[in-house]
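S.K.: The letter at position 105 of the sequence shown is residue 105 when you use UniProt numbering, and the numbering goes up by one with no holes.
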Amino acid sequence: MSAFDEDLFLKGLEQRKATLGAEYVENNLAAADDFTRPFQEAMTAWCWGFGWGDNVIDAKTRSMMNLSMIGALGKMTEWETHCRGALTNGVTQDELRAIIHVIGIYCGVPQALECFRVARKVLSEAQPD
Numbered sequence: 001m002s003a004f005d006e007d008l009f010l011k012g013l014e015q016r017k018a019t020l021g022a023e024y025v026e027n028n029l030a031a032a033d034d035f036t037r038p039f040q041e042a043m044t045a046w047c048w049g050f051g052w053g054d055n056v057i058d059a060k061t062r063s064m065m066n067l068s069m070i071g072a073l074g075k076m077t078e079w080e081t082h083c084r085g086a087l088t089n090g091v092t093q094d095e096l097r098a099i100i101h102v103i104g105i106y107c108g109v110p111q112a113l114e115c116f117r118v119a120r121k122v123l124s125e126a127q128p129d
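#1: When you compare each of 17, 89, 49, 46 to residue 65 by their alpha carbons, which one comes out closest?
#2: Are the CB atoms of residue 82 and residue 100 within a distance shorter than 8 Å?
#3: Work out the CA separation of residue 38 and residue 80 for me, nearest whole Å.
#4: Is residue 15 helix, strand or coil by DSSP?
#5: Once the 5 residues before and after residue 73 are set aside, which same chain residues still bring their CB inside 8 Å of it?
#6: Closest to residue 48 by C-alpha separation, out of 93, 17, 23, 110, would be which residue?
#7: Pick from 98, 127, 84, 94: whose alpha carbon is nearest that of residue 19?
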């Protein structure tokens with residue numbers, strides 16, 4: 001933690017765990033090595049501590065914004081992770097559908113289809129058997 005403020009990292013770690021789940025975050029950090037650890041620390045401090053660390057925008061709205069932006073970029077692995085986090089932050093299935101509709105309008109039908117495919121997977125995993 002030499003490159004970043006420890007308090008910002010800890011604030012980010014708390015928010016990251018609250019959204020993505022403690023087990024996911026701990027496993028992700030444990031898998032970091034000397035090559036990737038500095039990025040993990042920076043991302044936790046900057047994205048989650050600084051970016052998510054204020055109370056100006058609530059976590060649900062931030063999740064909805066993230067899904068829109070990550071969907072627009074077509075980064076589906078990250079979209080899947082943030083889809084799970086969005087459900088944790090209170091995004092409903094109807095809101096998820098509406099977000100994907102907007103992605104389809106602005107980014108194209110193929111991208112919306114990818115988002116629907118991933119969302120269905122995440123929603124099926126979230127449903128109890």
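Ideal Cβ positions, reconstructed from N, Cα and C, are used throughout, including at glycine.
The structure presented is a predicted model; accordingly, all values stated were derived computationally and were not measured.
M.R.: Answer, in terms of the structure:
#1: As a position in the sequence shown, residue 65 is number 65, starting the count at 1. Of the candidates 17, 89, 49, 46, the one whose C-alpha sits nearest the C-alpha of residue 65 is 89.
#2: One-based indexing of the sequence shown puts residue 100 at position 100. One-based indexing of the sequence shown puts residue 82 at position 82. No, the pair does not count as a contact, with Cβ atoms beyond the cut-off.
#3: Reading the sequence shown from its first residue, position 80 is the one you call residue 80. Reading the sequence shown from its first residue, position 38 is the one you call residue 38. Rounded to the nearest angstrom, the two C-alpha atoms are 24 Å apart.
#4: Residue 15 sits at position 15 when you count from the first residue of the sequence shown. Residue 15 falls in the helix class under three-state DSSP.
#5: Here the question's residue 73 lines up with position 73 in the sequence shown. Within the same chain, no residue comes within 8 Å of residue 73 by CB-CB distance, once the 5 residues on both sides are set aside.
#6: Mapped onto the sequence shown, residue 48 falls at position 48. Checked all of 93, 17, 23, 110; the closest Cα to residue 48 is 17.
#7: Taking the sequence shown and counting its residues from 1, one reaches residue 19 at position 19. Ranking the options by Cα distance to residue 19, first place goes to 84.
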